[in-house]
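Colleague: Just passing along the structure, written as structure tokens.
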Amino acid sequence: MMFITTDSASIRGMVDTSSRDPVAYAADLVNTTGTSGSGFEKGIQQLYDCISSGGQCYAELRPNATLVAIFLSDEPDHSSISINSMISLADHVKPGNFVPYGIFGDIPSGCSSPNSHGAQAGWGYYDLVQHYASQWWSICDQDWGSQMEEIAQAVSVQTEFQLDGEDPHVDTIRVWINGQLVEEGWEYNPTNNSVVFALDDAPQPGDSLDIGYSTWGCGEE
């Protein structure tokens, strides 16, 4: 788990198998990050720079692992790059294996927390999360117990699975979880050539997943 900020693409710290107390170390990284950085946060720009070739995050990416990004901000993204540029890079670096989540001000008008601290709507982060049919949570929520549980579950469950063959005949795609035909709760994503599940319908760790389909020119399934 790598930590960067919305105004720097440098890794502030990283939790891995060598961390003696990963929970305490992660909490310390969050607590020492502070709130006195740039007044124009560029979280998407920093992620883009970090996972680009030559970036510090790029060297740490595991070949077969899903790249999960969690954005935390109380204002819109002010990055100089476009959302499409971020999408293009993420799909190149981690085709079918990039999942962004967001914690930011409510869409469309922002929100106010119980201590009266306001947050602007998290546009930019919201657009990226929506593109990948992922999830976001309000930064103004008072109780974070259930939200943290949701985030942990979302991060640990894979929802997108890339197909092995190119140019599938979409009408022939069939999905089985643990041998049972599943007809709802998923859709085909032509951009990534993948099957994407809604979080509540995704296979759980230990489940078996089979996807059958024919490709154009190869006849029926």
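Using the working numbering, the first residue of the sequence shown is number 422, and each one after it goes up by one. Cβ atoms here follow ideal geometry from the backbone N, Cα and C, with glycine treated the same way.
For residue 441, list the residues DSSP reports as bridge partners.
Modeller: According to DSSP, residue 441 bridges with nothing at all.
Colleague: Answer yes if the region 468–488 comes into contact with the region 446–454, meaning at least three C-beta pairs across the two stretches below 8 Å, and no otherwise.
Modeller: These segments do not touch.
Colleague: Look at residue 432 and residue 467 and say whether their C-beta atoms are less than 7 Å apart.
Modeller: For residue 432 and residue 467, no; Cβs fall outside 7 Å.
Colleague: Which residues does DSSP list as the beta-bridge partners of residue 602?
Modeller: DSSP output for residue 602 lists 597 as bridge partner(s).
Colleague: Do residue 498 and residue 465 have their C-beta atoms within less than 7 Å of each other?
Modeller: Closer than 7 Å, so yes.
Colleague: In terms of alpha-carbon separation, which member of 486, 635, 452, 425 lies closest to residue 470?
Modeller: Among 486, 635, 452, 425, the Cα nearest to that of residue 470 belongs to 425.
Colleague: Would you kindly work out how many angstroms separate the C-alpha atoms of residue 641 and residue 430, rounded to a whole number?
Modeller: Bear in mind that the predicted position of residue 641 carries a pLDDT of just 49, short of 50, making it unreliable; the figure below should be weighed with that in mind. Their Cα atoms are separated by approximately 48 Å.
Colleague: Using only the alpha-carbon positions, how far apart do residue 536 and residue 492 sit?
Modeller: Answer to the nearest angstrom: the Cα atoms are 22 Å apart.
Colleague: So, with DSSP's three-state summary, where would you put residue 559?
Modeller: It is a strand residue.
Colleague: Determine contact between the region 501–512 and the region 529–544, defined as no fewer than three beta-carbon pairs at a distance below 8 Å.
Modeller: As far as the Cβ criterion goes, the region 501–512 does not touch the region 529–544, which means the pair count is below three.
Colleague: Around the C-beta of residue 580, are 16 or more other C-beta atoms found within 10 angstroms, so that it is buried, or is it exposed?
Modeller: Residue 580 comes out buried.
Colleague: By DSSP, does residue 574 sit in helix, in strand, or in coil?
Modeller: Residue state, collapsed to three classes: helix.
Colleague: Smallest Cα separation from residue 556: which of 496, 516, 489?
Modeller: Per the Cα distances, 489.
Colleague: Report the start-end ranges of each beta strand (DSSP E) in the region 477–548 that is 3 residues or longer and not cut off at the edges.
Modeller: With a minimum length of 3 residues, the continuous beta strand (DSSP E) runs that stay inside the region 477–548 are 488–493, 519–525.
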